[in-house]
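Below is one structure; the comments refer to it alone.
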Amino acid sequence: MSFAPGPSRFPAPRLLQGTRPGVIDSSQPARLLRVPGSTLSFAAFDPLTAASSGTHARRRHDPEPARPKRIVIETPPGGRGIGRWRFVPHARRAPGVEDEGVWPRRIIIDGEFVICSEDQWDIYKLDPAYDCFVPNFPGDPVITRKLPGGQTQSAPSSQSSSKAGAHRKRHSPASSDNEGAVPVSPGVHKKFRAVVNLVTDEEDSDMESITESDDEDEVEEIVAEEFMRSAPSNGHASGGRNARRKAQEARRKEQREKMKANMGSSSFDSYRSRTPDIVDLTMEDDTPPAAEPATNDVPPMAFSTAPPTAFSTAPPTAPSGAPKRKVYAEGDQVKDPDYSSAYASNSKKLRAGETFSLPLGTTHIPHDPHADRKRSQRKQSKMSQSQHRQEYANRLKEQRERQLWEDIIADTPRGTPHGSRGSDSVDSEPRGDARAHSDSGMSTEPTGTEGEPQDDARVDPEPDAHPESGTNTNPIDEEEAARLAAIEESRRKLAELEQDRPLWEQEARRRAAHERAEAEANRARQEEERRRKAAAAANDLRQRQRAAAAAMETERRARAEKERVEREREQRRRRERERWSYGPWTTMRAIERYKLLSDAFDAAKFTAEDPVMFEIIPWPVLQSPVTLRVEDIEWRSVEDFFAAARQHMRPQDYKVFVEKSHKRFHPDRWRARGVLKSVADEETRGCLEVAANTVAQALTPIWRDVRG
1 MSFAPGPSRF PAPRLLQGTR PGVIDSSQPA RLLRVPGSTL SFAAFDPLTA ASSGTHARRR
61 HDPEPARPKR IVIETPPGGR GIGRWRFVPH ARRAPGVEDE GVWPRRIIID GEFVICSEDQ
121 WDIYKLDPAY DCFVPNFPGD PVITRKLPGG QTQSAPSSQS SSKAGAHRKR HSPASSDNEG
181 AVPVSPGVHK KFRAVVNLVT DEEDSDMESI TESDDEDEVE EIVAEEFMRS APSNGHASGG
241 RNARRKAQEA RRKEQREKMK ANMGSSSFDS YRSRTPDIVD LTMEDDTPPA AEPATNDVPP
301 MAFSTAPPTA FSTAPPTAPS GAPKRKVYAE GDQVKDPDYS SAYASNSKKL RAGETFSLPL
361 GTTHIPHDPH ADRKRSQRKQ SKMSQSQHRQ EYANRLKEQR ERQLWEDIIA DTPRGTPHGS
421 RGSDSVDSEP RGDARAHSDS GMSTEPTGTE GEPQDDARVD PEPDAHPESG TNTNPIDEEE
481 AARLAAIEES RRKLAELEQD RPLWEQEARR RAAHERAEAE ANRARQEEER RRKAAAAAND
541 LRQRQRAAAA AMETERRARA EKERVERERE QRRRRERERW SYGPWTTMRA IERYKLLSDA
601 FDAAKFTAED PVMFEIIPWP VLQSPVTLRV EDIEWRSVED FFAAARQHMR PQDYKVFVEK
661 SHKRFHPDRW RARGVLKSVA DEETRGCLEV AANTVAQALT PIWRDVRG
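Take the sequence shown: its letter number 460 is residue 460 in the UniProt record's numbering, and every next letter is one higher.
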């Protein structure tokens, strides 16, 4: 039995391509674009972009080039503003998956099969509302929408993974292969930063945070790798590059497994549930001790973003007796003692547990100005962050002292009776303390209503007055003495501060007066600037008005002059018609009209204001001017006119008559006088030029015949 081929029962997956977000999900542009209407474009990051040609030539011979790092570029609408770029984050990958594959390829988006391009795959990786996962072969990559709690929906490909892998993922709070599964809200953009908290040894010390960008580390590793490629090496270095790279990958894989094992331990999970991840990189002890329970009385502390020094040559000395609360972070291992300090200057830090060795034959690291600039920027950043930490410590110290003073003032006795202390004890009290008591409202002598002494504030002025007796009449324990000493020291400081109060008030008044003077000067300057701008605007307006009025007057005069010229021309035309329109038209009248118009035509100066007209040109024809048109100027009519004129003139007069007529209609003479240039209408100018050339061509043989 055979079956005839037919259409498939399953529809072909649609094609998802381009760089426009929101092809399937219309709410995607609101989560990705900083400016509505912006366009996205993708490119590959290369640290040697715009470098010398020699470097690129060396890179082309690399047998196993590194996979380029993808970046996304957001261009504002219309090209206005500054374009911004960032690195495209990695997708979650199953254990053993090295990369995200070749694109375009088939993927699953919320249970639907589509053929997706790499640009659209990167757009979904950038979207915080979706989770991108690359399973083992032959599974297809899966894109699922995250639930409000940060969890991903169930996908078909996720069920294909093994139970062991799922069990390992449930017990692993973080993994190097699962960097993208960060629970975020759909309305917040992704921030690919790993935060590690650092706690010092003392109980009341400040807590700091170390913020490190994974993308920056990866870029620096790429730059360092390019430096190592460009370094001079012998013949054995190129042959051992692949072996070193494979060994490094094996070490990294082993470190990741150790990190997963450490993170899966019960002691680490129990401690992680109570305290944040902390790491101490300044201790020499590399054996992780048992985790201690976190105390709840730690005061609030600021978190600094200063990066720690990864390789400390001299660890700080911890105070004796202080409890050490050191907990190792994920994957924290002993650094390689044979680490090369030359490479440390070109990279900010290696990841925890990684080692690096220079290629065989490498004698030096090439100098890179860009690395020097980055190094100086890091130093400046560390200095500013250290300054911020110092300022925070000072503020915390002042806050504690202020709290201590408030407690002291609250516990200070109001006064003592007259009989409880002798004159020696009163005289022995410092003047500053008495002044402090009087200023702070605490009297050293009792009021009329105070009859009972306060035992907690009584101090024996001479506790050791009779040392020979071997006993003290009023002993004071060490704790009470320390408390009273702190109270006396606080009183002394309060008195000193009270003495400086006039200086503070004077400085505050001077500063307030200076600020008021500056504000008044600013207001006066702004008012003057406003008046100046208003005056300039009014002057500009007046100038524009005057210019507009002058232009209107000039236009009015030109229009009046033009109307006057038109009236005069019309009057002249009317007179000419009235003169030659009545009576019989004969040859003698035609010759007479030609002579009169010739004299006026030769003496006239034609301009744009007074252009030439068809009626004032002496056309050598016998036809009446009432019916004459420009189409009537022909070769034959010109010959008939001069033949008739020859019969009515003497030979000598006829010769002069022909020569003047030939010169009058010569094209060069018309061009020199600008007869045709005075005519504005192009069509009229063309007709007059054709008629004048016809007369000139007809006169040429007549003029030659007369001269010969």
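Heads up, the beta-carbon is just placed ideally off N, CA and C, and yes, glycines get one too.
Runs of the alpha helix (DSSP H) spanning 4 or more residues and lying entirely within the stretch 96-135 occur at 118-126, in chain order.
A43 sits in a strand when the DSSP states are folded into three classes. The beta carbons of R664 and D602 sit closer together than 8 Å.
In chain order, L676 place their CB closer than 6 Å to the CB of E689, counting only its own chain and leaving out the 5 sequence neighbours on each side. Restricting attention to D110, R92, P36 and G83, the CA atom closest to the CA of D25 is found in D110.
Segment contact: the stretch 573-585 against the stretch 615-625, three or more CB-CB distances shorter than 8 Å; contact assigned. V638: member of the alpha helix (DSSP H) spanning W635 to Q647, first to last residue.
For T586, no alpha helix (DSSP H) segment is defined, and its DSSP state is neither H nor E. When DSSP states are grouped into helix, strand and coil, W619 belongs to the coil group. Using a Cβ-Cβ distance cut-off of 8 Å, the stretch 16-33 and the stretch 112-128 are in contact, since at least three pairs of beta carbons, one from each stretch, lie closer than that value. Boundaries of the beta strand (DSSP E) around T75: K69 to T75. The alpha-carbon of T684 is positioned some 19 Å away from that of D668. Note on geometry: alpha-carbon atoms of R20 and A538 lie some 51 Å from one another.
The secondary-structure analysis by DSSP pairs T144 across a beta bridge with D131.
In the structure shown, R92 adopts extended strand secondary structure according to DSSP, grouped into three states. Nearest Cα to L40 within the set P76, P68 and L48: P76. A straight-line Cα-Cα distance of about 12 Å links E609 and R567. If you look at F657, you'll find it in the alpha helix (DSSP H) that goes P651 to R664. Here V142 is buried: its Cβ has 16 or more other Cβ atoms, across all protein chains shown, within 10 Å.
When secondary structure is reduced to three states using DSSP, L16 falls in the strand class. By a beta-carbon distance limit of 8 Å, P620 contacts F641. Their separation comes to about 4 Å. Here the stretch 526-537 makes no contact with the stretch 568-577; the two share fewer than three CB pairs at distances below 8 Å. Per the C-alpha coordinates, the member of A51, V630 and L15 positioned closest to W103 is L15. A residue is called buried when at least 16 other Cβ atoms come within 10 angstroms of its Cβ; F657 meets this threshold and is buried.
Contact check for W703 against E659 passes: the beta carbons are separated by less than 8 Å.
R86 is bridged by DSSP to V72. Proximity to P135 across C116, G101 and E118 peaks at G101, based on C-alpha coordinates. For M552, the uninterrupted alpha helix (DSSP H) segment begins and ends at R501 to W580. Here the alpha carbons of Q17 and R106 stand approximately 12 Å from one another. Assigned with DSSP and collapsed to three states, P21 falls in coil, not helix or strand. Looking at E74, G78, A91 and R92, the one whose alpha-carbon comes closest to that of R84 is E74. Beyond the five residues adjoining it in sequence on each side, D119 comes within less than 6 Å, by CB distance, of T19 and F42 in the same chain, given in chain order. Here the alpha carbon of P584 sits roughly 21 Å from the alpha carbon of I616. Distance check between R491 and each of R509, W405 and R516 places W405 closest, using alpha-carbon atoms only.
Sixteen is the threshold: when 16 or more other Cβ atoms of the shown chains lie within 10 Å of the Cβ of I633, as they do, the residue is buried.
Ranked by Cα distance from N693, the options W635, Q647 and E639 are led by W635.
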